Amino acid sequence: MDCPKCKSPLVNGLLSDMLLTKHCRECEGDWISRLNYQTWKSERVEHPPNPDVLTKNYHLPYTPSHLDAKTAPCPECSSVMARGKITLKEPFYLEHCLTCGGIWCDRGEWEVLEQLKLDTNIAQIFSGVWQAQVRASHANELERQAVIDKVGIEMAQRVFDLADILEKQPNGDFAAAYLMRRFKGEKS
Ligand SMILES: [Zn+2]
Ligand SMILES: [Zn+2]
């Protein structure tokens with residue numbers, strides 16, 4: 179089997195001490211077959227998927243491989259591989275063959291997935307629901323940042339705390355509407 183990215187022959191490799199792969203010595207990518215992934219995963223505690231993890235680790239220091247941008251056919255069955263975006267400041271794509279179920283990681287990608295605890299949940303990265311949740315999480319964080327920029331961190335924290343409290347109240351929306359009215363009244 180040859181490397182889908184640089185065509186060098188793949189050799190036996192190992193990730194996370196236990197996960198058997200086919201490794202490319204040239205570009206340092208790894209091919210994880212469906213069977214090897216399932217075997218490895220069955221011996222692990224599955225982390226519950228958390229779409230906020232990408233927002234919280236947005237600035238994770240990582241330089242994607244220059245081969246990440248290159249699309250490639252599955253090294254096992256030659257099918258076109260799906261690309262699942264990992265939205266960090268330095269985004270990268272994980273590749274997954276939907277036909278044979280294998281996973282391609284360019285150099286360093288697996289280690290990032292491990293750090294983000296996404297390593298036991300590869301399939302969800304390719305789901306539309308998950309990608310939408312990640313986008314919502316990022317948008318939410320941008321909004322929070324905008325509030326901090328406008329009113330300062332101290333006031334912003336009080337606003338966030340109040341929002342959290344109101345969210346848990348059965349009539350929280352009523353109190354929020356009161357606040358909105360106060361400001362509308364002041365401006366007109
Ligand atoms: Zn390679
Ligand atoms: Zn395949």
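Residue numbers (the working numbering): 179 to 366.
No residue lacks a Cβ here, since even glycine has one placed at the ideal position from N, Cα and C.
All of these numbers come straight from a predicted model, not from anything done at the bench.
Which residues bound the alpha helix (DSSP H) around residue i?
{"i": "LEU344", "result": "331-346"}
{"i": "ALA260", "result": "Note, ALA260: premise wrong, no alpha helix (DSSP H); beta strand (DSSP E) at 260-264."}
Just to confirm the assignment, what range does the beta strand (DSSP E) spanning residue i have?
{"i": "ASP230", "result": "Premise fails: ASP230 lies in the alpha helix (DSSP H), 230-234, not in any beta strand (DSSP E)."}
{"i": "LYS200", "result": "197-202"}
{"i": "CYS283", "result": "281-283"}
{"i": "ASP208", "result": "208-210"}
Can you look up residue i in the DSSP assignment and give me helix, strand or coil?
{"i": "HIS316", "result": "helix"}
{"i": "VAL223", "result": "coil"}
{"i": "LEU276", "result": "coil"}
{"i": "PHE361", "result": "helix"}
{"i": "TYR356", "result": "helix"}
{"i": "LEU296", "result": "coil"}
{"i": "LEU193", "result": "strand"}
{"i": "TYR240", "result": "coil"}
{"i": "ASP180", "result": "strand"}
{"i": "LEU188", "result": "strand"}
Count the other C-beta atoms from every protein chain shown that fall within 10 angstroms of the C-beta of residue i, then say buried if there are 16 or more, exposed otherwise.
{"i": "ASP180", "result": "exposed"}
{"i": "CYS202", "result": "buried"}
{"i": "TYR215", "result": "buried"}
{"i": "GLY262", "result": "buried"}
{"i": "THR217", "result": "exposed"}
{"i": "LYS183", "result": "buried"}
{"i": "LYS328", "result": "exposed"}
{"i": "THR241", "result": "exposed"}
{"i": "TYR356", "result": "exposed"}
{"i": "LEU296", "result": "buried"}
{"i": "THR249", "result": "exposed"}
{"i": "GLY330", "result": "exposed"}
Check your reading: residues with Cβ closer than 5 Å to ligand 2 heavy atoms: CYS252, GLU254, CYS255, SER257, CYS275, THR277 and CYS278
Starting from the N-terminal end, write out each residue whose C-beta falls within a distance shorter than 6 Å of any non-hydrogen atom of ligand 1. Qualifying residues come out as CYS181, LYS183, CYS184, SER186, CYS202, GLU204, CYS205 and GLY207.
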